[in-house]
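A.B. asks: Right, I'll just put the structure down here and ask away after.
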Amino acid sequence: MIEVNNLHKSYNDVKALNGLSFGAKDGEITGLLGPNGAGKTTCLRSLYGLIKPDQGEALIDQVSATTDPINVRRGIGIFPDKFGLYERMTAREHVQYIAELHGERGDSLERKVNQVLQDLGMEDLADRKTKGFSQGQRMKVALAQAIVHQPKNLILDEPSRGLDVMSTRILRELMFKLRDQGRCILFSSHVMQEVATLCDRVVIMVKGQVVANDSPQALCELTGKASFEDAFVELIGTDEGIVA
Ligand code: ADP
9 MIEVNNLHKS YNDVKALNGL SFGAKDGEIT GLLGPNGAGK TTCLRSLYGL IKPDQGEALI
69 DQVSATTDPI NVRRGIGIFP DKFGLYERMT AREHVQYIAE LHGERGDSLE RKVNQVLQDL
129 GMEDLADRKT KGFSQGQRMK VALAQAIVHQ PKNLILDEPS RGLDVMSTRI LRELMFKLRD
189 QGRCILFSSH VMQEVATLCD RVVIMVKGQV VANDSPQALC ELTGKASFED AFVELIGTDE
249 GIVA
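Here the sequence shown is numbered in this note's numbering, starting from 9 and rising by one per residue.
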């Protein structure tokens, strides 16, 4: 379970977060949606413990990301917006390395690495050096790294940015599978279609604050709009920064 309570963060004169509060439940996919500059990345970085909010708290399973970032990182998987790989290492070595950082050793490490490689259909890739990997293959390595320690919470920053159709499908199927296992999934996006398709709940933020928080269908009903994109425009009060 992920919670942010009254988060404030300013960069000089810019208020990136201005009293942001919302929760993401276990067994649900929650989308954090907003125009560019709304504060989505700042919110996710507060949850990773990478930045310290000026006020408020970010909690993962009731543990504060601000005061206990090491413990928090054990309970989350992070799928970054860019995935850098070491060309001379194999896919398996990449995944093993992250599992070791999470404290896995011996049989347990081997079992978890094999499990994730199997879950993502990576057996053929596993022992190849990553040099020359396609975009989809690179994404799978990054995903395997994010979930090898079987975290209860998964946080993805603009996960489908730059992905081709097949990679997007793999990612989507995995998110549904993890959701159905009872995990808590939070991802940021500014792509309407993706959010409407994937999310059980959408948190819409503008200028560092939540302006709506409900299912895509409920938000359409609330605004009287047939399409989720129209509902979003109505809720944020402008069509600036939208990618359909
Ligand atoms: P989003 O991810 O929704 O596009 P961000 O969290 O990246 O929004 O940014 C929110 C606001 O904070 C923007 O106005 C952005 O320019 C500003 N901002 C983000 N990071 C920094 C930083 N390191 N220094 C200065 N301003 C920043």
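Quick reminder that beta carbons are idealized off the backbone N, C-alpha and C, glycines included.
Because the structure is a prediction, the values reported are computed rather than measured.
1) Since residue 46 contacts residue 214 with CB under 8 angstroms, what's their CB separation in whole angstroms?
2) Within this structure, are the beta carbons of residue 124 and residue 163 separated by less than 9 angstroms?
3) Use the C-beta contact count for residue 174: other C-beta atoms within 10 angstroms, 16 or more gives buried, fewer gives exposed.
4) Taking all protein chains shown into account, decide if residue 142 is buried (16 or more other Cβ within 10 angstroms of its Cβ) or exposed.
5) Applying the criterion that 16 or more other CB atoms from any shown protein chain within 10 Å of the CB defines a buried residue, is residue 166 buried or exposed?
6) Since residue 28 contacts residue 217 with CB under 8 angstroms, what's their CB separation in whole angstroms?
7) Is any heavy atom in the ligand ADP found nearer than 8 angstroms to the beta carbon of residue 168?
8) Please indicate yes or no: does the CB of residue 48 lie closer than 8 angstroms to some heavy atom of the ligand ADP?
9) Do residue 81 and residue 42 have their beta-carbon atoms positioned less than 9 angstroms apart in this structure?
10) Hey, quick one: how far does the beta strand (DSSP E) through residue 209 stretch, first residue to last?
11) Based on the DSSP secondary-structure assignment, which residues constitute the bridge partners of residue 66?
12) Given a threshold of 16 other Cβ atoms within 10 Å of its Cβ, counted over all protein chains shown, does residue 14 qualify as buried or as exposed?
13) Hey, is residue 43 close to the ligand ADP, as in C-beta under 8 angstroms from one of its heavy atoms?
14) Entirely within the stretch 42-121 and at least 3 residues each: give me those beta strand (DSSP E) ranges in chain order.
15) Given this structure, state the Cα-to-Cα distance separating residue 129 from residue 240, to the nearest angstrom.
16) Buried or exposed: residue 108, going by 16 or more other Cβ atoms within 10 Å of its Cβ?
17) With burial defined as no fewer than 16 other Cβ atoms inside 10 Å of the residue's Cβ, what is the status of residue 252: buried or exposed?
18) If I follow the unbroken alpha helix (DSSP H) through residue 197, where does it start and stop?
19) Work out the CA separation of residue 205 and residue 180 for me, nearest whole Å.
20) Enumerate in chain order the residues of its own chain whose CB-to-CB distance from residue 244 is below 8 angstroms, with the five nearest sequence positions on each side excluded.
21) From what residue to what residue does the alpha helix (DSSP H) around residue 201 run?
22) For residue 239, report the span of its alpha helix (DSSP H) as first-last.
23) Determine the DSSP secondary structure at residue 156, reduced to helix, strand or coil.
24) Are the beta-carbon atoms of residue 31 and residue 95 separated by less than 9 angstroms?
C.D. replies: Judging by the given coordinates:
1) 6 angstroms
2) no
3) exposed
4) exposed
5) buried
6) 6 angstroms
7) no
8) The closest heavy atom of the ligand ADP lies less than 8 angstroms from the beta carbon of residue 48.
9) no
10) 209-214
11) 12
12) Exposed is the call here.
13) yes
14) 63-68, 84-87
15) 36 angstroms
16) exposed
17) For residue 252, the predicted model reports a pLDDT of 41, less than 50, meaning its position is unreliable; a value from the coordinates is still stated below. It is exposed - the Cβ of residue 252 has fewer than 16 other Cβ atoms within 10 Å.
18) Careful: residue 197 lies outside any alpha helix (DSSP H), inside the beta strand (DSSP E) at 192-197.
19) For residue 180 and residue 205, the gap between their C-alpha atoms comes out near 9 angstroms.
20) Cβ neighbours of residue 244 beyond the five flanking positions: 42, 43, 212, 214, 219.
21) 200-206
22) 236-244
23) DSSP, reduced to helix, strand and coil, places residue 156 outside both helices and strands of the structure shown, so it counts as coil.
24) Not closer than 9 angstroms, so no.
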